[in-house]
Each structure stands twice: as C-alpha cells, then as structure tokens.
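Mapping of the sequence shown onto my numbering: residues 46 to 295, in sequence order. Glycine included, C-beta positions come from ideal geometry on N, C-alpha and C. Working notes for the structure below.
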Amino acid sequence: MSAEYAFGVLFAGALGLDIVDNAEDTELYNQYFSKMLHRLDVREYYHNPYFRNIKIPAVTIGSSELKYEQYKPYEAFVCNDILTTPEGRLIPQIGFFETDFRFPAVLENNRIWMTITPNEIETMKEAVAGATGNVLTYGLGMGYYAYMVSEKEDVQSVTIVDSNEDVIRLFSQYILPQFGNAHKVRIIHADAFEYAQQQMSQDQYDFVFTDLWHDVSDGLDMYLRMKTYENLSPASRFMYWIEQSILCYL
Numbered sequence: 046m047s048a049e050y051a052f053g054v055l056f057a058g059a060l061g062l063d064i065v066d067n068a069e070d071t072e073l074y075n076q077y078f079s080k081m082l083h084r085l086d087v088r089e090y091y092h093n094p095y096f097r098n099i100k101i102p103a104v105t106i107g108s109s110e111l112k113y114e115q116y117k118p119y120e121a122f123v124c125n126d127i128l129t130t131p132e133g134r135l136i137p138q139i140g141f142f143e144t145d146f147r148f149p150a151v152l153e154n155n156r157i158w159m160t161i162t163p164n165e166i167e168t169m170k171e172a173v174a175g176a177t178g179n180v181l182t183y184g185l186g187m188g189y190y191a192y193m194v195s196e197k198e199d200v201q202s203v204t205i206v207d208s209n210e211d212v213i214r215l216f217s218q219y220i221l222p223q224f225g226n227a228h229k230v231r232i233i234h235a236d237a238f239e240y241a242q243q244q245m246s247q248d249q250y251d252f253v254f255t256d257l258w259h260d261v262s263d264g265l266d267m268y269l270r271m272k273t274y275e276n277l278s279p280a281s282r283f284m285y286w287i288e289q290s291i292l293c294y295l
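So, in structure tokens, the structure goes:
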C-alpha cells in the first residue's frame with residue numbers, strides 16, 4: 046500500500062473513526078481524507094531559497110529564543126490553508142514527512158511562536174508573488190516573507206513593522222546580514238495598528254501584507270481590525286496571512 050494510504054488509515058484510527066464497520070465514518074473518510082492528507086518531500090522545502098541561504102544560530106535575547114525545531118517522521122502537521130470545495134466543504138490540509146524535517150523557529154517564553162515550515166511557505170506563496178514596488182509587511186517573524194520579496198526585481202523596498210524589540214534584535218543581528226538585498230529592508234519598531242492608522246497612507250505603499258497572528262484563534266479579531274484601515278490607502282493592494290482559513294471561520 047502507499048504511504049499516503051497507510052498514514053490515512055492510522056490517522057483515521059487516531060481520530061476515533063471506524064472506517065471498516067461504520068458507514069458514516071467510511072463516507073467521511075472517503076469524502077475528506079484524500080483531499081486532506083499529503084506526503085511531502087523534504088528536498089522540496091530544503092531547496093527553498095530561505096533554507097538554502099539563511100543559517101539560523103542558536104541564540105537567546107530577552108524572552109525570545111532562536112533555534113531549530115523538527116518534525117519527526119510521520120508526524121502530522123497543518124501544511125497549508127483550509128481548502129474550500131465547490132460543495133462548501135472545509136478541508137484542513139495535513140502534511141507529513143517520511144524522514145525528520147528541521148525548521149527554524151522563534152520561541153517566546155519557551156513556547157513556539159514563529160516558524161518557517163511548509164505551512165508558512167505554502168500560505169505565503171500568493172503574497173510573495175503579488176508583491177511589487179514598495180512593500181509593507183506587518184509582522185517580522187523570522188524574516189521569511191521579507192527575504193522572499195526582497196529577492197524580487199520588481200520590489201524596490203520592504204518595510205517591516207513589528208512591536209517586539211527582542212525579535213527585531215535577533216533578526217537584525219543574526220538574519221538580516223545574510224540577506225542578499227538587505228539594503229532594501231527597513232524595520233520600524235511600532236504597534237502595527239497605530240502605524241496603519243497614523244502613518245501607512247503617508248508612506249504610499251504599493252503592496253501591504255499582514256501576518257500578525259499565530260493562527261485563526263488569535264487572528265480573527267486582528268484581521269477584522271486591520272481591514273478597517275484599508276480605505277486609508279486606496280492605492281495599495283492588501284493581503285493577509287491564512288485569510289482563507291479566517292474567512293471560513295467568519
């Protein structure tokens with residue numbers, strides 16, 4: 046049997062589904078699991094430009110710690126935004142690797158807060174592709190989005206707004222110097238919502254990307270609040286991290 050099928054059967058069992066004797070569980074499995082589970086190739090993600098060119102040291106500043114974490118073989122994790130089918134089904138996207146996968150992470154008070162995993166890579170592809178001209182991004186993270194758009198020839202500048210001084214120091218000292226186009230990057234230590242209300246329209250950005258939340262649970266209210274500032278910059282194009290998942294919850 047394929048790795049995907051074996052993983053799917055085990056995953057269904059872990060979720061308490063009986064896909065042999067329970068007709069409803071079998072139907073659920075057949076409708077959802079083939080579109081939900083994905084075997085991923087570590088080579089594809091290790092070939093990503095950020096993974097190839099940026100090396101992450103193990104270092105701590107304040108309550109923020111920079112280090113590598115890892116997924117174990119066959120460990121399930123969210124790997125992309127929610128898939129919406131024409132029939133209205135909402136299908137989470139779950140991935141797994143067949144080998145270990147190491148990824149950079151920032152921990153806040155020993156809790157994983159920011160990572161660069163397949164989920165971040167896949168859910169930012171559209172925002173990376175759409176960025177042009179003078180780009181503004183709310184939320185620094187580990188600089189993945191800033192790195193990817195700074196490598197584009199049609200991006201002239203990348204302005205990052207973040208309120209976490211420790212994360213800014215980690216990024217500025219250990220990650221930004223590795224950027225091939227670090228001269229394009231400007232970091233502003235400020236509250237994102239205050240900047241959006243008071244300064245964003247004056248700086249005239251072509252593209253604005255917001256990534257302030259950990260997931261939908263803490264992002265829903267921030268997403269709705271940031272949307273209210275779009276009318277202050279009518280010439281800008283706005284995009285939001287995991288917006289499809291947020292809209293599904295709305």
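Exclusion of the five residues before and after Pro163 leaves Leu85, Tyr90, Cys124, Gly140 as the residues of its chain whose Cβ lies within less than 7 angstroms of its Cβ. A direct Cα-to-Cα measurement between Asn154 and Ser109 gives close to 7 angstroms. Leu269 sits exposed, since fewer than 16 C-beta atoms from the chains shown fall within 10 Å of its C-beta. Between Ala172 and Tyr189, the C-beta gap is not smaller than 8 angstroms, which leaves the two residues out of contact. Per DSSP, Gln242 has no beta-bridge partner at all. CA-to-CA, the gap between Arg97 and Glu196 works out to about 13 angstroms. The criterion of a C-beta distance shorter than 8 angstroms is not satisfied by Pro102 and Asp145. Inter-segment contact for the stretch 206-215 and the stretch 176-184 is present: three or more beta-carbon pairs are separated by less than 8 angstroms.
A straight-line Cα-Cα distance of about 10 angstroms links Gly53 and Ser47. Judged by pairs of C-beta atoms under 8 angstroms, the stretch 213-225 does not touch the stretch 237-251, as fewer than three such pairs exist. Judged by DSSP in its simplified three-state form, Met81 adopts helix.
Per the DSSP secondary-structure output, Ser202 pairs in a beta bridge with Asn179. DSSP places Glu196 in the coil class of the three-state scheme, outside both helix and strand. Within 10 angstroms of the beta-carbon of Val253 lie 16 or more other beta-carbons, which makes it buried.
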